[in-house]
Amino acid sequence: MKKKEKKKLTIDEYIDIAKWDIVIYVIISVIVLLISLYIGVKYNFYYHLIFIGIIIVIKIGERINTYITLKKIKSYLVNNNILDRIGNIDYWNERYYFLTDNYMIIKHGKVIYSFKYSEIERIYKESYTRLGKHSYAQEYLHIITSDNDFKILIYTTVLVGEDYKDINSYLIEKNPNIKVDKTVKNKKMDVFRIEKR
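Below, the structure is given as structure tokens:
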């Protein structure tokens, strides 16, 4: 039996999802705040409201930022007459870049870029490891074109507000001529001071 292929979404469908994400986050936030307020009144404890409020503002802010990014990306594609040429969207990292049949589209800073996979000259991974009280590991993929060096998250042990995956093999499949450089490893260690008594 053949595996049913997942329907690929359009940019307009991603924009609608992002809009509804904001509505859902606001509704859930109001419910959480009301429950927290009730607990605060009942037990005369209000300090947790500050912490919950900060988390809610950050999460809703992330959703609004995603929506704005999607609108900017669509506007860029329309203004540059490439919306009809990108093909199907294969991957959206829920934050700042798309992989499509024919183009990679990425928001870098405040600027939107698009380029064909044939424009990618080389790629390499950069990994970070921090050992100490708050240990973590992260890995980024550098995508280098003739004009730019884009750095995207492909692995982390930290909780982040975006989808991430290693797109190395995807890019090579799209352009077998990409040069793959050696991984750069960066290690950070917390320094503990031992004081004499």
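Its first residue numbered 958, the sequence shown is counted upward by one per residue in my numbering.
Note that the Cβ used here is the ideal one computed from N, Cα and C, for glycine as well.
Can you look up residue 1020 in the DSSP assignment and give me helix, strand or coil? Locating residue 1020 in the sequence shown gives position 63, where the first residue counts as 1. The three-state secondary structure of residue 1020, taken from DSSP, is helix.
According to DSSP, which residues form a beta bridge with residue 1042? Position 85 of the sequence shown holds residue 1042. Residue pairing for residue 1042: DSSP places it in no beta bridge.
Residue range of the beta strand (DSSP E) that residue 1071 falls in? Working through the sequence shown from its first residue, we reach residue 1071 at position 114. Where residue 1071 is concerned, the enclosing beta strand (DSSP E) stretches over 1068 to 1073.
Hey, could you find the ends of the beta strand (DSSP E) residue 1084 is sitting in? Counted from its first residue, the sequence shown places residue 1084 at position 127. Segment 1077 to 1088, the beta strand (DSSP E) holding residue 1084.
Would you tell me roughly how many angstroms separate the C-alpha atoms of residue 1116 and residue 1034, rounded to the nearest one? By one-based count along the sequence shown, residue 1116 stands at place 159. By one-based count along the sequence shown, residue 1034 stands at place 77. About 31 Å.
If you draw a straight line from the C-alpha of residue 1109 to the C-alpha of residue 1073, how long is it? The residue labelled residue 1109 in the question sits at position 152 within the sequence shown. The residue labelled residue 1073 in the question sits at position 116 within the sequence shown. If you take the alpha carbons of residue 1109 and residue 1073, they lie about 17 Å apart.
Alpha carbon of residue 1013 to alpha carbon of residue 1134, nearest angstrom: Walking along the sequence shown from the start, residue 1013 turns up at place 56. Walking along the sequence shown from the start, residue 1134 turns up at place 177. A direct Cα-to-Cα measurement between residue 1013 and residue 1134 gives close to 45 Å.
Between the region 1058 to 1076 and the region 1021 to 1038, can you find at least three pairs of beta-carbon atoms closer than 8 Å? In short, these stretches touch, since the Cβ pair count reaches three.
With distances taken from CA atoms, which of 986, 1046 and 983 is nearest residue 969? Translated into the one-based positions of the sequence shown, residue 969 becomes position 12. Checked all of 986, 1046 and 983; the closest Cα to residue 969 is 1046.
Would you list the one or two residues that DSSP bridges to residue 1136? To locate residue 1136, count along the sequence shown from 1; it is residue 179. DSSP, once it has assigned bridges, lists 1079 as partnering residue 1136.
So, is residue 1056 buried or exposed, given that buried needs 16 or more other C-beta atoms within 10 angstroms? In the sequence shown, residue 1056 corresponds to position 99, counting from 1. Buried, since its Cβ has 16 or more Cβ neighbours within 10 Å.
Short check: CB of residue 1097 to CB of residue 1083, under 8 Å? As a first step, residue 1097 must be located in the sequence shown, where it is residue number 140. As a first step, residue 1083 must be located in the sequence shown, where it is residue number 126. Yes, the Cβ-Cβ distance between residue 1097 and residue 1083 is below 8 Å.
Since residue 1020 contacts residue 975 with CB under 8 Å, what's their CB separation in whole angstroms? Here residue 1020 corresponds to residue number 63 of the sequence shown, with the count starting at 1. Here residue 975 corresponds to residue number 18 of the sequence shown, with the count starting at 1. About 7 Å separates the beta carbon of residue 1020 from that of residue 975, a gap short enough to meet the 8 Å contact definition.
Which of helix, strand or coil does DSSP assign to residue 1096? Mapped onto the sequence shown, residue 1096 falls at position 139. The answer is strand: DSSP assigns residue 1096 an E or B state.
Which two residues bound the contiguous alpha helix (DSSP H) that contains residue 1129? Here residue 1129 refers to the residue found at position 172 when the sequence shown is read from its first residue. Secondary structure note for residue 1129: its alpha helix (DSSP H) is the uninterrupted segment 1125 to 1131.
For residue 1050, which of helix, strand or coil comes out of DSSP? Position 93 of the sequence shown holds residue 1050. Per DSSP, reduced to three states, the secondary structure at residue 1050 is coil, with no helix or strand assignment.
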